[in-house]
Amino acid sequence: MTIHYALDEKDFLTFQLFAASPSIVKRRRFTRFSFAAIYIILGGVLLAVGKLPIGVILLLLGVLWFIVYPMYERKRYRNHYITHIKEHYEGRLNRPSSITFSKEGVETNNSGGESKLPYTELDAMQEIGGYIYIRLKTGVSFIIPKQKTDNPAETIAFLKNLASRLNIPYATNLDWTWK
């Protein structure tokens with residue numbers, strides 16, 4: 037089976053956010069709660085000792101931090117990865133690519149060159165709303181945008197079958213979104 041597609045900035049951005057998501061979510065949650073707690077505790081202490089104006093201000097800052105920080109941080113990470121993509125993937129944007137699954141292994145072809153990998157190098161497959169990611173043991177991933185393939189249902193069925201034959205995990209998280 038051969039899959040033809042071209043990746044754009046949005047495809048790379050979604051992959052970068054998805055790949056970084058587990059570590060980012062923990063860090064964002066910790067920062068959100070810890071700073072809000074510090075502001076609220078300090079505000080409460082200052083209220084208790086009679087420093088009303090500064091205590092109220094710190095309490096409000098704690099609540100405001102808890103509400104606004106996730107929106108700010110979400111946008112900050114998106115902008116960071118957009119800049120990263122423009123710097124590092126400029127030559128790969130909107131260029132035709134293909135990935136072929138033969139009897140021997142996986143063959144890729146894009147503007148950067150060609151590569152052939154045995155199936156033993158495949159580590160996992162992950163499917164989210166509009167994409168399928170094929171991760172290699174080296175940590176590199178192939179990005180396959182489902183909407184840009186000729187027959188998405190056939191592609192998904194083939195890759196699930198391949199993952200089953202190779203005894204590698206095929207994870208499905210169709211509801212994933214960057215939050």
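Residue numbering for the sequence shown follows our numbering, starting at 37 and increasing by one per position. Cβ atoms here follow ideal geometry from the backbone N, Cα and C, with glycine treated the same way. Please read all numbers here as calculations on a predicted model, not as lab measurements.
| Item | Value |
| --- | --- |
| How would you call Asp-186, buried or exposed, if buried means at least 16 neighbouring beta carbons within 10 angstroms? | exposed |
| Give the range of the alpha helix (DSSP H) segment to which Leu-100 is assigned. | 88-124 |
| Taking the beta strand (DSSP E) that Pro-205 falls in, what are its first and last residues? | Neither: Pro-205 is in no beta strand (DSSP E) and is coded neither H nor E. |
| So if DSSP puts Tyr-17 in a beta bridge, which residue, or which two residues, is it bridged to? | Because the chain is modelled from 37 through 215, residue 17 falls outside the range shown and cannot be assessed. |
| So does the segment 199-213 actually touch the segment 155-167, counting three or more Cβ pairs closer than 8 Å? | yes |
| Find the nearest neighbour of Asn-209 within the set Arg-171, Phe-54, Arg-112, judged by alpha-carbon distance. | Phe-54 |
| Can Ile-180 and Ile-170 be called in contact, C-beta distance under 9 Å? | yes |
| Assign Gly-127 to one of three DSSP states: helix, strand, or coil. | helix |
| If I'm right that Tyr-125 touches Phe-48 with Cβ under 8 Å, what's the distance once you round it to whole angstroms? | 5 Å |
| Considering just the uninterrupted stretch of the beta strand (DSSP E) at Leu-172, what are its terminal residues? | 167-172 |
| Taking DSSP as the reference, what is the three-state secondary structure of Asn-187? | coil |
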